[in-house]
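Residues in the sequence shown are numbered from 51 upward in steps of one, following the working numbering.
Glycine included, every Cβ here is placed at the ideal spot set by N, Cα and C.
Report on the following structure.
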Amino acid sequence: MSDKSRSAEQSGSSEAQIAVHWKEEKYFKPPQSFIEQANLSDPDVRERFGERNFPDCFREYADLLDWSKPYTEVLDTGKPPFWKWFADGELNACHNCVDRHLGKYRNKAALIFVSEPEDDAPVAMTYQELYVRVNEMAALLRDYCGLKAGDRVTLHLPMTLDLPITMLACARLGVVHSQVFGGFSGQSCGQRIEDSGSRYLITADAYWRSGKLIDHKEKADIAVKTAEEAGQKVDKVLIWQRYPGKNSSPTAMVEGRDVIINDLLKDYAGQRVEPVAMNAEAPLFLMYSSGTTGKPKGCQHRTGGYLAYVAGTSKYIEDIHPEDTYWCMADIGWITGHSYIVYGPLALAATSVIYEGTPTFPDARRPWRIAERLGVNIFHTSPTAVRALRRLDPEGPAQSPQQFKHMTTVGEPIEPEAWRWYYHQIGKDQAVIVDTWWQTETGGFLCSTIPALDDMKPGSAGPALPGIYPVIFDENGAEVARGSGRAGNICIRNPWPGIMQTIWGDDQRFVDTYYKRYCRNTDSTDWRDWPYMAGDGAMQAEDGYYRILGRVDDVINVSGHRLGTKEIESACLTVADVAEAAVVPVVDEIKGRVPDVYVSLGSDAGDLEDIKSRIIKACDDMIGKIARPRQIHIVPDMPKTRSGKIMRRVLAAISNGADTGDVTTLANPDVVEEIQNMVQGENASKSSADMPDDIRNFGNND
Ligand code: PRX
Numbered sequence: 051m052s053d054k055s056r057s058a059e060q061s062g063s064s065e066a067q068i069a070v071h072w073k074e075e076k077y078f079k080p081p082q083s084f085i086e087q088a089n090l091s092d093p094d095v096r097e098r099f100g101e102r103n104f105p106d107c108f109r110e111y112a113d114l115l116d117w118s119k120p121y122t123e124v125l126d127t128g129k130p131p132f133w134k135w136f137a138d139g140e141l142n143a144c145h146n147c148v149d150r151h152l153g154k155y156r157n158k159a160a161l162i163f164v165s166e167p168e169d170d171a172p173v174a175m176t177y178q179e180l181y182v183r184v185n186e187m188a189a190l191l192r193d194y195c196g197l198k199a200g201d202r203v204t205l206h207l208p209m210t211l212d213l214p215i216t217m218l219a220c221a222r223l224g225v226v227h228s229q230v231f232g233g234f235s236g237q238s239c240g241q242r243i244e245d246s247g248s249r250y251l252i253t254a255d256a257y258w259r260s261g262k263l264i265d266h267k268e269k270a271d272i273a274v275k276t277a278e279e280a281g282q283k284v285d286k287v288l289i290w291q292r293y294p295g296k297n298s299s300p301t302a303m304v305e306g307r308d309v310i311i312n313d314l315l316k317d318y319a320g321q322r323v324e325p326v327a328m329n330a331e332a333p334l335f336l337m338y339s340s341g342t343t344g345k346p347k348g349c350q351h352r353t354g355g356y357l358a359y360v361a362g363t364s365k366y367i368e369d370i371h372p373e374d375t376y377w378c379m380a381d382i383g384w385i386t387g388h389s390y391i392v393y394g395p396l397a398l399a400a401t402s403v404i405y406e407g408t409p410t411f412p413d414a415r416r417p418w419r420i421a422e423r424l425g426v427n428i429f430h431t432s433p434t435a436v437r438a439l440r441r442l443d444p445e446g447p448a449q450s451p452q453q454f455k456h457m458t459t460v461g462e463p464i465e466p467e468a469w470r471w472y473y474h475q476i477g478k479d480q481a482v483i484v485d486t487w488w489q490t491e492t493g494g495f496l497c498s499t500i501p502a503l504d505d506m507k508p509g510s511a512g513p514a515l516p517g518i519y520p521v522i523f524d525e526n527g528a529e530v531a532r533g534s535g536r537a538g539n540i541c542i543r544n545p546w547p548g549i550m551q552t553i554w555g556d557d558q559r560f561v562d563t564y565y566k567r568y569c570r571n572t573d574s575t576d577w578r579d580w581p582y583m584a585g586d587g588a589m590q591a592e593d594g595y596y597r598i599l600g601r602v603d604d605v606i607n608v609s610g611h612r613l614g615t616k617e618i619e620s621a622c623l624t625v626a627d628v629a630e631a632a633v634v635p636v637v638d639e640i641k642g643r644v645p646d647v648y649v650s651l652g653s654d655a656g657d658l659e660d661i662k663s664r665i666i667k668a669c670d671d672m673i674g675k676i677a678r679p680r681q682i683h684i685v686p687d688m689p690k691t692r693s694g695k696i697m698r699r700v701l702a703a704i705s706n707g708a709d710t711g712d713v714t715t716l717a718n719p720d721v722v723e724e725i726q727n728m729v730q731g732e733n734a735s736k737s738s739a740d741m742p743d744d745i746r747n748f749g750n751n752d
């Protein structure tokens, strides 16, 4: 491999292409101590998973699982792009994550719960105990709720053991769980209840966050109301108590609707429920993700292919062994938590840590105290967390006692500076790092270095995973030359077992969103004609490593969480007086990106400060605090094209202190200057070349 520096920009990209301003970085080698113990150190793996052996190569992942009925066919491409994986096989995900480990690991910790208050001792739950709890919960869901295979149930749970217990209890019955991130608002939850057609909401009374015991139950009332207004009746709200036997929420219980799970469970003590053998193609869960249009998409994941893929990638990329203590700091309410806190690690009989609260509470050294106390040796987090920890305590981790063999970064591009700090300070030059690129839709990792085989390059996700064959297309659908350093739309040419099945209830949207643009022949049943469009800009360097440049559509990645700008805009538009709204990403040192809101008002608008606070409240209520705007700018008019489209690109440049480029072709160029003076004030604007690529390219598709 060469480590010469080269600016990709110099390799001749045209105006129409996504620009890349990025220098090549030096490689880091995986430590020998890591290589010696790694699950995957066979350099033939890429050959084994090469196109010649596709799709049979994925038997290797499926063979990590117990099948109650073995599959005979690996991939069925009969109805593209609705691929079927291991379609005539049967298995149960809960059996694979719990029951089958009892023989060897009955009294080994499956999960360790760390509550936010530091005086509470961690709680280790063995595989045996997990088995007991999951069975009792499954009995409750089956007998009290009458839930059966194929029914959907919405979970709106914080990070406690109750969440994986509930997910696994659903999986045991073949019930499709749809966990909504606990930080999302009641309204967001209600929309997802309606979309999934859930008759039950499983929630919690309270949880700890940044030193406060937060009332979570209050969101359930709003969720039920929102769902019912949209036409979905919720029969019961089931509530886990943070402290069993004690009600920690001041919100009143609703007679006949709300029930306490901890009370009900007493009736199911000691009950056992046979895991239901599910067809490999039966949906396991829904995970909602933001898209470019207002309505979130229910990404539907299958049982067999998904579990095989997360087990395989947990083993080979996360390098999880049963004897490891693995801590992923993500929330289970995101796909990272589903795949790499619950299903992947438990399928491998690992010990997976669940931390309730904020990583920096009560101080930035909390993660290292947790890691030392539990003996965590695999650590998994996001660039946002790395940046926050670095800002608060730049020298602290190196003086702290954690000892990791392996660390992950996920969720957004990581700046090489932050990567190096992660490597030196947190990993103490001893831990290998994988920068894993993937999405809610993809079930598991798509690009990453194989930790014992590939050198690391800060800021680059790395090569494609075994069995994944990416391609980069330009705007005209032509393939960008491999290794050319030129950017375009990254797609995956082939199906893989972790890919979602469809968007819940909307097959057409699934096809349109991910396949329509680059499909070569809609009549073809050859998978080669159906590349999957990830929606990210990316480039491939000479060494084959991919660098992800961010979304090509209008999604804002706040702390690694994808928020649809349209969703935030529609929240703003619920405020009376707001006539138009445009939301743009702004660079934030810690969170990566945060939304800035521009609104124009109708005539006779009221008090401006009052309007601003109502906009903030609308964003909090309808999406969650995560979507809270950094600033709200009330503007006389939006910059628009002659056809009347709002130019978000121009607003993004203004919010980020960059120059706006040529605006003379706009319908109202004068307003740009007015907004610029208002927002940037006296500050001289930077050249847009200094902006990160995603900001510079934001809104280019408008
Ligand atoms: O833009 C990419 C970014 O996050 C998006 C997926 O977000 P979500 O579905 O919420 O899943 C997050 C966890 C997988 C992608 O389209 N992204 C994710 N991982 C990386 C990344 N960008 C750069 N590098 C990564 N490692």
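Residue i, DSSP secondary structure in three states
i, result
"residue 135", "strand"
"residue 238", "helix"
"residue 62", "Bear in mind that a pLDDT of 35 at residue 62, under 50, signals an unreliable position, so the number given afterwards is only what the model happens to contain. Coil, per DSSP."
"residue 213", "helix"
"residue 427", "coil"
"residue 546", "coil"
"residue 290", "strand"
"residue 338", "strand"
"residue 371", "coil"
"residue 282", "coil"
"residue 144", "helix"
"residue 350", "strand"
"residue 114", "coil"
"residue 736", "strand"
"residue 298", "coil"
"residue 266", "coil"
Closest residue to residue i among the options (Cα-Cα distance)
i, options, result
"residue 199", "562, 81, 142, 628", "142"
"residue 181", "325, 371, 634, 603", "325"
"residue 85", "455, 73, 508, 653", "455"
"residue 355", "288, 219, 551", "551"
"residue 591", "543, 522, 228", "522"
"residue 254", "237, 309, 275, 226", "309"
"residue 313", "289, 393, 150", "289"
"residue 725", "738, 740, 739, 703", "703"
"residue 451", "196, 421, 329", "421"
"residue 565", "330, 585, 388", "585"
Residue i burial status per 10 Å Cβ neighbour count (16 or more: buried)
i, result
"residue 766", "With the chain represented from 51 up to 752, any question about residue 766 goes unanswered, as that position is not in the structure."
"residue 351", "buried"
"residue 304", "exposed"
"residue 109", "exposed"
"residue 134", "buried"
"residue 474", "exposed"
"residue 715", "exposed"
"residue 692", "exposed"
"residue 658", "exposed"
"residue 558", "exposed"
For residue j and residue i, the rounded distance between their alpha carbons
i, j, result
"residue 293", "residue 307", "21 Å"
"residue 583", "residue 186", "42 Å"
"residue 660", "residue 563", "38 Å"
"residue 398", "residue 453", "22 Å"
"residue 120", "residue 140", "7 Å"
"residue 87", "residue 273", "48 Å"
"residue 340", "residue 613", "6 Å"
"residue 258", "residue 300", "15 Å"
"residue 183", "residue 361", "23 Å"
CB contact below 8 Å: residue i versus chain D
i, result
"residue 477", "The chain inventory of the structure shown lacks chain D, comprising one protein chain alone."
> Okay, do the segment 262-272 and the segment 407-417 touch, 3+ Cβ pairs below 8 Å being the bar?
Replying inline: Short answer: they don't touch.
> Got a list of residues with beta-carbon closer than 7 Å to any non-hydrogen atom of ligand 2, in chain order?
Replying inline: Annotation note on ligand 2: not contained in the displayed structure, which lists ligand 1 as its ligands.
> Looking at C-beta atoms only, is the number of pairs between the segment 220-232 and the segment 380-388 that lie closer than 8 Å three or more?
Replying inline: yes
>> Three Cβ pairs or more, each shorter than 8 Å: is that satisfied between the segment 636-655 and the segment 493-506?
In response: no
> Between the segment 569-581 and the segment 422-429, are three or more C-beta pairs nearer than 8 Å?
Replying inline: no
> Between the segment 589-603 and the segment 529-536, do three or more beta carbon pairs fall short of 8 Å?
Replying inline: Under the 8 Å Cβ criterion, the segment 589-603 counts as touching the segment 529-536, having at least three qualifying pairs.
> When the Cβ atoms of the segment 399-408 are set against those of the segment 439-449, are three or more pairs found closer than 8 Å?
Replying inline: no
> Hey, is the segment 238-255 in contact with the segment 196-215, meaning 3+ C-beta pairs nearer than 8 Å?
Replying inline: yes
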